[in-house]
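Chemist: Sharing a structure here in structure tokens format.
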Amino acid sequence: MAASPVFGHVGTAQPGDLFASRLELSLRGQHRPRRAGVGATAALGAESIVLAEQYEDDAYHDDHFWYAGSGGRDPKTGRQVTDQAPNDYRNQGLMRSERTGQPVRVFRRIAPGGDRQFRYEGLWQVVAHTYGPGKSGFQVFRFKLKPWQ
DNA sequence: TCCATGCGCGGCC
DNA sequence: GGCCGCGCAGTGG
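Right, dumping it as structure tokens:
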């Protein structure tokens, strides 16, 4: 059975905290998947995501950002090579979070290869999403996040 | 360059 | 509910 998501801050973590690696994020329960960018269940929603500039359809702004959905990438090139799947539990989880308004922990890769690679960006919420052609022309999700409350 | 590993899900009993 | 196996991934050794 999938573990229940934990929404909100974990432990004493606060925005600006730095973490060494995905493994550390996982062991500390901040972002449990070791590789996937979205920690979620379809039924309950997304508890955490990682921004790592791996998806071409991301778009970052000052007070909000668009986070590309999961899947459809060529693992070698990083380009979208197929449509993203609406029934993927990670995409479903993000859509669920949009409905519930639960906070999503956001981590950002700030220093690839460094010893403090990931920064906690605090709690955000999914406020909208689109599903349509991305830069590649394939169908991709884009989730809009803004600071939580 | 290669591939392990952990997660959620679905099928089955 | 519990067990098992599958598929996949915003890593990383």
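Counting from 1 along the first sequence, just add 2 to a position and that's the residue number in our numbering. Backbone N, C-alpha and C define an ideal beta-carbon position, used for all residues, glycine too.
1) At the level of alpha carbons, what is the spacing between Arg110 and Glu26?
2) Is Arg24 closer than 8 Å to Gly70 when the C-beta atoms are compared?
3) Would you list, in sequence order, the uninterrupted alpha helix (DSSP H) runs of no fewer than 4 residues that lie entirely inside the stretch 80 to 109?
4) Tell me whether Glu123 sits in a helix, a strand or coil according to DSSP, three-state version.
5) Anyone know if the C-beta pair for Tyr122 and Pro7 falls short of 8 Å?
6) In the stretch 17 to 87, which residue ranges form an unbroken alpha helix (DSSP H) of at least 4 residues, counting only runs that do not cross its ends?
7) Checking the sheet assignment: what are the DSSP bridge partners for His11?
8) Excluding five sequence neighbours on each side, which residues of the same chain lie with their C-beta closer than 8 Å to the C-beta of Gly80?
9) How close, in whole Å, do the beta carbons of Arg98 and Gly47 come, if the pair is a contact with beta carbons under 8 Å?
Modeler: The structure says:
1) Stepping through the first sequence from its first residue, residue 110 is reached at position 108. Stepping through the first sequence from its first residue, residue 26 is reached at position 24. When the Cα atoms are used, Arg110 and Glu26 turn out to be separated by approximately 14 Å.
2) In the first sequence, the residue the question calls residue 70 occupies position 68. In the first sequence, the residue the question calls residue 24 occupies position 22. The residue asked about is misnamed: residue 70 is Ala in this sequence, not Gly. Cβ atoms of Ala70 and Arg24: not closer than 8 Å.
3) Counting only runs of 4 or more, we get 91 to 102.
4) Counted from its first residue, the first sequence places residue 123 at position 121. In the structure shown, Glu123 sits in a strand (DSSP, three-state: E or B).
5) The residue given as residue 122 occupies position 120 in the first sequence. The residue given as residue 7 occupies position 5 in the first sequence. No.
6) Counting only runs of 4 or more, we get 24 to 29.
7) Within the first sequence, numbered from 1, the residue matching residue 11 stands at position 9. For His11, which the question treats as bridged, DSSP gives no partner whatsoever.
8) Position 78 of the first sequence holds residue 80. The residues are Gln56, Tyr57 and Glu58.
9) For this step, residue 98 is matched to residue 96 along the first sequence. For this step, residue 47 is matched to residue 45 along the first sequence. Correct: roughly 4 Å between the Cβ atoms.
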